[in-house]
Structures are given as C-alpha cells and as structure tokens.
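Trainee:
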Amino acid sequence: MSSALSLSRNTLQILTSNRLQHPSHVCMRRLMLSHFTRRFIHSTRSSSSLIINIPFPRQPYLHRTFRNHSTTYPYVITSRRFMSIFPKIITKVVKLPVYVGGGLAAAGSYVAYKLEEANSFTWDKWNQLKDYSTNMRDKLNGYFGSDGSGVPPSENSSGSSDSNGTVPTATLLASLVDDEEDKEKKSDDDEDEDEDDYLDSVDTTQDEMLNLTKQMIEIRSIVSKVDSTSANLTLPSIVVIGSQSSGKSSVLESIVGKEFLPKGSNMVTRRPIELTLVNTPGNSEITADFPTLRTYNLTDFKEVKRILMELNMAVPSTEAVSEEPIQLTIKASTVPDLSLVDLPGYIQVEAADQPMELKSKIRLLCDKYLNEPNIILAISAADVDLANSSALRAAKLADPQGLRTIGVITKLDLVTPVLARNILNNKKYPLKMGYVGVITKTGPNGASLSQHSSLGSGMSHLFGNKDRTSTALSTREEVSPEQLEARQFEKSYFKENRKTFQNCQVTTKKLREKLIKILEISMSNALEPTSTVIQQELDDTSYLFKVEFNDRQLTPKSYLLNNIDILKLSIKEFQEKFNRNELKSILKADLDQKVLDFLATRYWKDENFIELSNNNRFIKNDDEILYWHKKLDLASSSLTKIGIGRLSTMLVTNSILKELGNVLECTQLKNHDLIKELVLNTAVNVLNTKYYSTADQVENCVKPFKYEIDLEDRDWNIAREHSINLIKEELRQCNQRYETIKNVIGNKKLQHVMHYLEQDTTQKETLGMSKMLLERGAEASFLDKRSKVLSFRLKLLKNNCRSKDNKDFCPEVFLNAVSEKLTSTAVLFLNVELLSDFFYNFPIELDNRLNVLTSEQIEMFAKEDPKISRHIELQKRKELLELALAKIDSILVFKRSYKSINK
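Using UniProt numbering, read the sequence shown as starting at 1 and increasing by one per residue.
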C-alpha cells in the first residue's frame, strides 16, 4: 500500500505540474486528475481515512478554451475509456520496481563474485612479490647493510673500532656469508655435483652480485686514469703479498685458470702487476690486454708470459725493482670480476748479484700498496711456520688489528690434514677475515686428469646431461690442462679429508667467492668518500678549465683537422703565386748560371778571346772565323744536352718542397714534427708519381734545339739585354769579392802577394807568407783578371753585338737566347704535367693518409705542442671525473633506494 501511495503521489505531482500550459493540455490534465482522484479515494477509503488535498492551478481561460475547441480538438477522450486503461498502467508502474530490484540483485551478485576472484588473485601475486622482495633484501643486506653502512644493525653496534667502518664491514659480512654458505652446503644432498660444477661451469658471479663489482672496477680504472699517484682518489684493490716460493703466483693463476706469470730461480717479478679480471659472459676464449702497450686480445698466454718477463727484466739489475706498474686485463667467462695487484716477493737475504738495499726496496714498494683501503691477501706456505711468514709480518705492520687481511695457506698437501686444520683454525695469529686453505699444484698421488674427464663424461651421458657436458668441454678448453689437473687434485684431497676440514674454509673456489664478496663490500663502502673527493677534484678542474681555456672544447682530432684546413688554404694561396712566370724565373736563373759556367770554361780562359775583347773588333780571317764558329756550336750543343728535362723537373720539385716547408713554418704545424714529416712525405710521393714522365716529355720537346736553333731579331735583342745585365751582375760580384779580400789583407800587402805570384808561378819559396795568404792572393789575381775580361766583354756587348749575324763573336748573347728557348718550352709542359697534377692530388692524398692515423697517433701529434697538451689533458681529466662521478652516483642512488625500501 505504501508503494502504491508513493506511486500515486508521484503521478499526482506530474499531473499537477505547471508544465502543460496549452489549453488542450490543461483540459486533458483536468479530466485525468478528476478521474484518478475519485478512483484513488474510493480504493483507499476502506483501508484508511487518507485525505489527499490536490492543489489545482487556476485556469481562467479553461471554459473559453473548451468552448472554442470542443468540436475540433483530437485529444478529448471519454471518461469510460480512460477508466479501462488506467488500471493496467497502474499495474505496470507498480511492477516496475520489482523488475529493477531483481536485476540489480543479480548484477550485484556477479560483481561480488568477480571482486572475490580478483582479490584472491591479487593476494597470491602480492605474496609472491613479498617473497621475492624478502629474498632480494636478504641478499642485498650482504652488500649495503640495513643501515647503509654495510653491516646489519645487530652487528654494527658491536663492530670494530675502525675509523671509516669499511674494513670491519667487509669482515663481518664475509663471516656472515661464510655461515650462510656452510648451511647451504650442509643442506645440499649432492656436494660432489657442486664441486664438478666448479670444475666445469662458467663463472656466474655477475648474476649473484648484481654486477656491482664490474661497475666499480670500471670506476676504479677510470679513477686511475685521472691520477694513479693520488692516495685519496682510488678504490680498494686486493694486494697479493708473499715470500718467494710461497705459491703466490700459483694462487693467482688458479683464479684465472691459465699459467701466465713469469717464474724463475732468480727474482723475476720486479714491477707491480695490476691485474684486472673481467667476467665476459658468452666469451668463448680467454683474452689478455696490455693497455699501456696498446696490445689487445692476446689469446696465446705464452706470449703474455713472454711480455711480462721482458717488462720485468727491463728493470736494470742495479735497481732490481721498480714502482712503475704493469697493467694487465684478462677477460673470460671463467674468471670473476676482481682487481688484484701482484707485488714482488719478499726475500730474506740479498744474492751476490743483487743490490744490498733490495730487501728494503721491496718492503717500501709493498708498503705503498698495503695502505688503506686495499685488502691484503697474505699468502703463506703450510710447510713454513706462520711465525716466520714474511707476508703475515708485513700485513701485521700495515693492518695491526687484522681487519682487512685474508690469510691464504698454500701447499696443504705437504702437511698432515690435522696440522693443516690447526693452521687454518689457529688463534695465535688471528685474522678477522680468517684463513683459506688451497692446493694449487698437483701432488705426487694426484688423480689423473684423463681419468676424471672420462669419468665425468660417462656419468653425464648416463644421466642425460648432454648440455652440461658440452659446456664443461668448452670451459675445459679455456682452462689449461695443468690448472684442471690441479683443481681435480684439490677437490679429491679435500673430499677425502672432508671431516677433518669440516669447519675450515678451503678450496680455490671458496677463495674466489670470498675475494669477490669482500672486494664488493669494500668498494661499495668506499664509494661515498671517493665521490666526495672526486666532486672536489672536478670543481677544481672545472675552474682551471674555465680560467685557462674558457671552457673551449678541443679534441686531438679537431685540432689536427683545423690545422690541416689552414694548411690547405695556405697551399691554395701558394698555388696562385706559383704560376708560370715564377716557374720560368726559377728555371731561367739556373740556366743563366749554366751559361756563365760554359762561358768561363770555354771562352774567358781562352787567350785568343781575351785578345779579341781587347781589340774591340771582329776578326775577318777565315780560319779564325771558323774557329769561333765551331767553338759556339760546341758550347750550344753542351747547353742543350745537359738534360734539361731532368734538370727542370728537379728544380721545380725542389722549389715546391721548399715552399711547402715555408708554408708549414707559417702555421701551428711548425711545432709538430710528426705531421710536418707526414705532409712532406705526402708531397714527395705525389711529385714522384709524375716526376719521370714529366722529365721525359720535357726532354722530348727540347730535342729539336739540339740540332738547329732559329733566332729572330726580337729574340736576339731580348737576349742581348739580358746578357748585358748578367755580365754586369757577374762583374759586380767579382769586384765585391776583390774588395773584401783587399780590406782583409790590405792593399799594399795584397799587391805584394799578387806581384810575387805573377813572377814565381811554382811557389817554391813563400818568403815568410802563410799558406792562407797565398791562397787569398791567388784568388785576388783571378778576380782581377776576370773583372778585366768582363769589362771588355761588357763594352763589346753594348757597342758591337747588335745583330745575330755576329753570334760567333757574341757567345754570351747566343747562349742566352738558347737558354730562353729551352726555358719557355720546359715551363709549358711543367705547368701542365707536374704542377696541375700536384695541386689537385696533394690534398686528396693528404686526407687519405690522415684517415689511417690511429687515435693514439693523433693524440701524440696534438701533445707535441705543450699548450695544446695542457688543454687536452685538462679537458680529458674533467671528462673522466664527470664519468666516474656519474657512475658512482648511479650506484649510490641504487644504494639509497634500497635503504628506503628496507626501512
């Protein structure tokens, strides 16, 4: 009844609303309201005395509207018809909430079912995520610690008194990791299979250690490039020390799996070897790099051993040891990520051929590397009392509390297992990181490698582990047979004495894992102080770079290319100046000298020619005319047959190289001998490609002048003017040289010497005159005669040699005309064949040679200039510091994010 009442009220509100304002709508609404009210009151009278007051709006125009539209309005209905339809409407309206409610109930049930299903799925995933995060947190606790210091809160409070907390953290975490590994080993049902995995599987340390060690080793290499001598700007390394014959080299080789360190009866390790091991997953072979020698990807470790031997033996025997380190990087899938330093072994007594201060030198060198924050790997032999261990003694001095020292006991098979256990668990010489026992060489009763290989292969095929067998075989190919045999012997020895060494840390595998984790933690804790030091260094370097070079970026390659561009522009200017006229003047000057030489040897020394010049007239005798004619033909033939092709090509080539050298001296390349040599060699090679062909072509072109030379009056006049100038210049030089000798000796004394030489041509008696004085007197006599001849010839050229008909008596003019013909012809082909080809091909060939230069050669070239070297070094230092700081910050961000998650 309440639902019906509510529905009726809603219906009445709709019907009584004022929205229907049209007169026809109002009439219909009025009829519906009146009918509905009567039925509703009648139906509810029996059940209740409900009184409903329905407000009807006043419509003053109602009757008028009906009166006007009573006959035409289509919506007027009778009350009987309305009464039959209205109950059905009421019934449907009443049932509508029921339908709606049922639909909503069904939808709600379906939604509830889906929500419950989603909730269950979400909780399952959340539990999985919690388990994964818990495992990751437990694992990362071994690296950073819950408080970020690398030590769990429960142990950090009772930690050591170390100032920086780095080494105690590494000690505690190493012991925690050891306990966990012991538990895992005890719960493992098949320990033999794990040991076989150590022999046959690749190193997967990078997966377990989140690849942090590799990143920090990269940071350490970057920092060492910045400043390898700084004690603050560094990250920890593992320093390996031990006396000679303690097995130090064998321990390192067992970690690598290859024999590569030099060995000998005499001391062969004379320089520190900075050994960086890089794990490269998927790499099928072990490679070695010597960065300082720029030697990479060596696969023959005999060659590596030879190089190390040569580098060590390069140290003079008088010095015995050197502080300059040898950098060696070994990459393989079987090595862990480690940074090791192999130092010279301690000695007790100097040999006869060794300096007396060798013992102290080795101690000082080792002490330099044993300082914090480095980890000390003190190696001692089991057959030597630890009280006499030089390694432990040195470690005790550098690390009195034994917080950052790991003891390694080698040759355990040489003592009884009980004695070996007592050495490893000794309390007399305690080390916080403990002792690890290893066997690095095969004993006399060691197992055979071939037996082990065949047994392992048979068992693998028996149980169907074919993939594992193939992996093992590929790994064995990377490790030397000696190392595999030593590993097998070590495994067999500790397996036989498992109960004896139950509470000890043994095997090389254990040592590898311990070194990895301790180095990881030590490096991680050293990141923040190192980051602070690097930031300070970066600020200082940035300031210097701003002040000195205004932050101008410069690389060796950009510096080289910029100078080469300047050189090319200078060569372009040189090409414009070195035109045909310049080429002609160079060749003409040399031929003029040849003409003067021919005149001096064939004419000016001839007495008849001197008489001819003195008479200042031409001879009309036929014999004399024939004589001078043949003499001129001989001189002309000699001039044309001097090899003008080779001579002119050589002159032009030398001139180009000389001018190119002058161009280089006007650029910044003058300070770089390497590039100057490269540029000049390139020019020589380009010129040589056309040298012989050009010389032959020039020689062929001047060949007609060897038989006949036709001269015109114009050619004769030009040659005559040039000859007069040439004789004048020769006369001036003769007089100048004569005056110089006269000023040095004195006029009277010179005249006396010249008079003496004219009378006594044999010079048997010197009359107290020195040999040099006589030589100067002879030279003055010659210059005096030559000056007289030149003066007579100059007058003759000016007065009588005006026509080419007198060429027999004017050899100076004729030979000069011949040389002019030769010069013009040679220049024409030299310009086309040699110069054009050179200026076109030289820049191309220079670019080709520059492109094959390595980055090291380009850097070496740039650093020849001290100012440029300073610029490049400062910029490189700034870039390396920025790179190291960015890498450190990335690791620190991960560390801080882990701390926030852990909290």
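Built from N, CA and C at the ideal position, the CB exists for glycine as well.
Use the C-beta contact count for H871: other C-beta atoms within 10 angstroms, 16 or more gives buried, fewer gives exposed.
Mentor: When all chains shown are included, H871 counts as buried.
Trainee: Run through the DSSP bridge pairs and tell me what S288 is partnered with.
Mentor: First, the residue type needs correcting, since residue 288 is Ala and not Ser in the sequence shown. DSSP lists L298 and I330 as partners of A288.
Trainee: For the candidate residues L731, A288 and L874, whose alpha-carbon lies nearest to that of F782?
Mentor: The residue with the shortest Cα to Cα distance from F782 is L731.
Trainee: Measure the Cβ-Cβ separation of L664 and V679 and say whether it is below 8 Å.
Mentor: Contact: yes.
Trainee: Pick from A683, N735, I89 and R498: whose alpha carbon is nearest that of L567?
Mentor: Taking only the C-alpha atoms, the option nearest L567 is A683.
Trainee: Exposed or buried, R896, counting other C-beta atoms within 10 Å across all chains shown (16 or more means buried)?
Mentor: Flag for R896 reads exposed.
Trainee: Quick check: the Cα distance between D623 and V832, rounded to an integer number of angstroms?
Mentor: Cα to Cα, D623 sits roughly 47 Å from V832.
Trainee: Note down the Cα distance separating G103 from P97, rounded to an integer number of angstroms.
Mentor: Taking the straight line joining both Cα atoms gives about 10 Å.
Trainee: What distance in whole Å lies between the Cβ atoms of S237 and V341, which are believed to be in contact at a cut-off of 8 Å?
Mentor: Going by Cβ atoms, the distance from V341 to S237 rounds to 5 Å, so yes, they are a contact pair.
Trainee: DSSP state of A635, grouped into three classes?
Mentor: A635 falls in the helix class under three-state DSSP.
Trainee: Under a three-way DSSP split, which group does S522 fall into?
Mentor: DSSP places S522 in helix when its eight states are reduced to three.
Trainee: Residues in its own chain within less than 8 Å of E259 by CB, not counting five upstream and five downstream?
Mentor: Once the five neighbours on either side are set aside, the close Cβ partners of E259 are E253, F301, K305, S480, E482 and Q483.
Trainee: Closest to E513 by C-alpha separation, out of F121, I406 and L560, would be which residue?
Mentor: Per the Cα distances, I406.
Trainee: Considering only C-alpha positions, which residue in the set R580, E708, F829 and D633 is nearest to E699?
Mentor: Ranking R580, E708, F829 and D633 by Cα distance to E699 puts F829 first.
Trainee: Nearest to L834 by alpha carbon, out of I255, L774, R580 and S638?
Mentor: Of the listed residues, the one whose Cα sits closest to L834 is R580.
Trainee: Just checking Y369 against the ligand ZN - is the residue's beta carbon closer than 7 Å to any of the ligand's heavy atoms?
Mentor: With respect to the ligand ZN, the structure offers nothing, as it holds no ligand at all.
Trainee: Out of Y559, A394, N503 and L293, state which residue places its alpha-carbon closest to the alpha-carbon of P417.
Mentor: The candidate whose alpha carbon is nearest that of P417 is N503.
Trainee: Quick one: grab the DSSP three-state call for Y429.
Mentor: Three-state result, Y429: coil.
Trainee: I think I219 touches K876, with their Cβ atoms under 8 Å apart; what is that distance to the nearest whole Å?
Mentor: The pair is not a contact, with the Cβ atoms about 17 Å apart (cut-off 8 Å).
Trainee: Since E274 sits in a beta bridge, which residues does DSSP pair it with?
Mentor: Per DSSP, Q327 and V341.
Trainee: Tell me whether the beta-carbon of E372 lies closer than 8 Å to the beta-carbon of P325.
Mentor: Against a cut-off of 8 Å, the Cβ pair of P325 and E372 comes out as no contact.
Trainee: For V321, does the three-state DSSP call read helix, strand or coil?
Mentor: Looking at V321 - three-state DSSP - the assignment turns out to be coil, as it is neither helix nor strand.
Trainee: Nearest to E310 by alpha carbon, out of K263, F545, N662 and K748?
Mentor: The candidate whose alpha carbon is nearest that of E310 is K263.
Trainee: Is it the case that the Cβ atoms of E864 and N671 are separated by a distance below 8 Å?
Mentor: Going by C-beta atoms, E864 is nearer than 8 Å to N671.
Trainee: Just list the residues that DSSP pairs S380 with in beta bridges.
Mentor: DSSP lists I409 as partners of S380.
Trainee: Just the Cα atoms here: how many angstroms apart are T507 and G402?
Mentor: So the alpha carbons of these two residues sit roughly 22 Å apart.
Trainee: Distance, Cα to Cα, T108 vs L115?
Mentor: Reading off the sequence shown, one finds Gly at residue 108, where the question assumed Thr. Distance between the alpha carbons of G108 and L115: 10 Å.
Trainee: Quick check on this structure: which residue in G345, R271, E285 and P529 has the alpha carbon closest to the alpha carbon of M313?
Mentor: Checked all of G345, R271, E285 and P529; the closest Cα to M313 is R271.
Trainee: On the three-pair Cβ rule with 8 Å, is the region 836-850 touching the region 554-572?
Mentor: Judged by Cβ distances under 8 Å, the region 836-850 makes contact with the region 554-572, as three or more pairs qualify.
Trainee: By how many angstroms is the C-alpha of E319 removed from the C-alpha of L343?
Mentor: Distance between the alpha carbons of L343 and E319 is about 16 Å.
Trainee: Can you list, in chain order, the residues of its chain with a C-beta nearer than 8 Å to that of F501? Leave out the 5 residues immediately preceding and following it.
Mentor: Correct list, in chain order: P417, A420, R421, L424, G437 and F494.
Trainee: Give me, in chain order, the residues of the same chain whose beta-carbon lies closer than 8 Å to that of V652; leave out the 5 immediate sequence neighbours on both sides.
Mentor: Contacts found: L583, I586, L587, L830, L834 and L835.
Trainee: For N297, which residues in the same chain have their Cβ closer than 6 Å to its Cβ, ignoring the five residues on either side in sequence?
Mentor: Contacts found: T287.
Trainee: Please name the residue in V753, V789 and V226 whose C-alpha comes closest to that of M769.
Mentor: For the residues V753, V789 and V226, the minimum Cα distance to M769 belongs to V753.
Trainee: Where does the unbroken beta strand (DSSP E) through A434 begin, and where does it stop?
Mentor: Correcting the residue type first, residue 434 is Gly in the shown sequence and not Ala. Segment: none, G434 is in no beta strand (DSSP E) and carries neither H nor E.
Trainee: Figure out for me which residue from I90, V384 and E820 has the closest Cα to the Cα of D710.
Mentor: For the residues I90, V384 and E820, the minimum Cα distance to D710 belongs to E820.
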